[in-house]
Amino acid sequence: MESNSENPLNNPSGYRYGNSCGIDFKQDAVFLPVLYGIFFSLGTPLNILALCGLYKLIKTENVLPVYVLNLLLADLIQLLTLPLWIDYYTNDHHWRFGPRVCQFTSLCFYISMYVAIFFMCIIALERHMAIACPLKFHFLSRLKSARWFALGVWVMVTVPLSVAFNKLFPVHANCTLCVEKYPSEGGFITYRLITLLMSFVIPLAFILILHVKTMRSLMAVTALASKEKRRIKSLLTLLVVTFLVVLGPYHVTGYVKYLGLLFHRDSCAWERAIFLPFQLGRGLLSLNSLLDPVFYIFLRNDFRSAAARYLPCLRRMTWGLSQARASCGASEPVERGTNNENLMA
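With this note's numbering, letter number 49 in the sequence shown gets 32, and the count goes up by one each step, no holes.
Right, dumping it as structure tokens:
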């Protein structure tokens, strides 16, 4: 480390405690605050609205709203950290709120990300069980069990991640960077490669396998109308697309970054080369906060009608569509004696 300067204004070369590579932090001083500002201003009310719409659905004895609500809660927690990150990146990665707040804010950000990944996998599994294994699904469809399972996910993610943060990011009074260090060290590189594998490659393979199996099972179901089948197919396809678009750039560039650090002779040169693409991927992680509410509210009738209580314009649109269907003599077939409520809940 070539400088212990705390104030970036007194250190125009970029070298300060934790940044011995001289990374130019002005590269992301505009686009990250702009992205986070858009996500925060749009995503916060959208997620609160979605949570309000989902709250009453939990009482319907369907487990899917429990998992979706927890997914949106994870998004909301991440959104609440964004104002501090906006200040951090606007000031060229200069954290002004103390090391303890830095550690807590970063921990909340990553907990929310990993919890959201878990619940996306759970939603894919729940849809598969409801369609391919309805009898087994009935055993797992108790609301109380779903709540305990959701709580277990939060604990399973929070506890080990908190321990890891305390060991990997000890509090340094002289460091103005927040859970960043350039160049990354050997132990941290190994940790990041493992977490990137567990948080993207394995969940993506899990979701893709379930996607294929669920599509095959859906084709064999005769109790559902073709319109309902198309809706389920769209939901599952968009789940995969959302996973790839939101998490793909960050995890792919992360693997390129940390694998490159293992083999590149000049680690600082590699850190400087990969810095901007990696930060772009980091910014897209919060895109989930905009996609999840729209994805899970407006694709299905029950969520859309619940949200219509809070959005007058949406209620008028839903009423207009209903009138149009009625005038055309269209009616949505409902199969009695089937598990349609669980399939489309």
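Backbone N, C-alpha and C fix where the C-beta goes; we use that ideal spot for every residue, glycine too.
For residue i, which residues of its own chain have a beta-carbon under 7 Å away from its beta-carbon, when the five flanking residues on both sides are left out?
i, result
"proline 143", "none"
"leucine 108", "Leu193"
"cysteine 161", "Tyr71, Trp78, Cys85 and Ser89"
"lysine 196", "His111 and Ala115"
"methionine 96", "Gln61 and Leu268"
"proline 232", "Leu263, Gly264 and Leu267"
"glycine 20", "Ile69"
"cysteine 296", "Caution applies to cysteine 296, whose pLDDT of 48 falls short of 50 and renders its modelled position unreliable; the value that the coordinates give is listed next. If we look at cysteine 296 and ignore the five residues flanking it on each side, it has no Cβ neighbours."
"serine 145", "Leu90"
"cysteine 4", "Tyr165, Pro166, Cys251, Glu254 and Arg255"
"isoleucine 6", "Gly(-3), Tyr165, Glu254, Arg255 and Phe258"
Do you know offhand how far residue i's Cα is from residue j's?
i, j, result
"glycine 81", "asparagine 74", "15 Å"
"valine 51", "arginine 265", "23 Å"
"serine 217", "valine 223", "10 Å"
"phenylalanine 261", "alanine 33", "30 Å"
"alanine 206", "isoleucine 60", "39 Å"
"leucine 136", "leucine 151", "In the sequence on display, residue 136 carries valine and not leucine. Answer to the nearest angstrom: the Cα atoms are 23 Å apart."
"glycine 26", "leucine 67", "16 Å"
"threonine 173", "leucine 55", "31 Å"
"cysteine 91", "histidine 76", "18 Å"
"leucine 221", "methionine 181", "21 Å"
"isoleucine 106", "alanine 203", "21 Å"
"proline -9", "phenylalanine 14", "In this prediction, proline -9 scores a pLDDT of 42, lower than 50, which makes its location untrustworthy; no coordinate-derived value is stated."
"valine 330", "alanine 252", "Nothing in the structure corresponds to residue 330, since the chain is present only between -16 and 328."
"leucine 18", "tryptophan 131", "35 Å"
"serine 128", "valine 138", "15 Å"
"asparagine 149", "alanine 12", "28 Å"
Once you ignore the five residues that flank residue i on each side, which residues in its own chain have a CB closer than 6 Å to its CB?
i, result
"leucine 274", "Thr225"
"leucine 29", "Pro276"
"proline 186", "Ile100 and Cys104"
Judging by CA-CA distance, which residue of the options is the nearest neighbour of residue i?
i, options, result
"phenylalanine 23", "Leu63, Val195 and Leu191", "Leu63"
"isoleucine 31", "Lys240, Asp58 and Ala12", "Asp58"
"glutamate 254", "Ser167, Gly231 and Gly135", "Ser167"
"asparagine 336", "Leu191, Lys164 and Ala188", "With the chain running from -16 to 328 in the structure shown, residue 336 is simply not present."
"phenylalanine 189", "Val13, Gly169 and Leu227", "Leu227"
"leucine 176", "Ser145, Leu18 and Thr236", "Thr236"
Thinking C-beta only, is residue j closer than 7 Å to residue i?
i, j, result
"cysteine 104", "tyrosine 0", "no"
"leucine 201", "lysine 212", "yes"
"leucine 259", "glutamine 10", "yes"
"histidine 234", "phenylalanine 183", "yes"
"leucine 242", "serine 250", "no"
"leucine 179", "tyrosine 93", "no"
"asparagine 53", "alanine 133", "yes"
"isoleucine 215", "lysine 240", "no"
"proline 16", "isoleucine 69", "yes"
Leaving out the 5 sequence neighbours to the left and right, which residues in its chain are closer than 8 Å to residue i when beta-carbon positions are compared?
i, result
"valine 337", "The question about residue 337 has no answer, for the chain in this structure spans -16 to 328."
"glycine 170", "Leu151"
"tyrosine 293", "Model confidence at tyrosine 293 stands at a pLDDT of 46, short of 50, so the residue's coordinates are unreliable and nothing is read from them."
"arginine 83", "Val154"
"isoleucine 41", "Pro48, Val49, Leu52 and Leu126"
"methionine 198", "Lys216 and Leu219"
"leucine 191", "Val223"
"alanine 147", "Tyr174"
Contact check, residue i vs residue j under 8 Å by CB: the rounded distance?
i, j, result
"proline 48", "leucine 65", "Incorrect: roughly 26 Å between the Cβ atoms, too far for contact."
"phenylalanine 87", "valine 140", "About 15 Å separates the two Cβ atoms, so there is no contact after all."
Using a C-beta cutoff of 7 Å, does residue i count as contacting chain C?
i, result
"leucine 151", "Note that chain C does not occur in the displayed structure, where there is just one protein chain."
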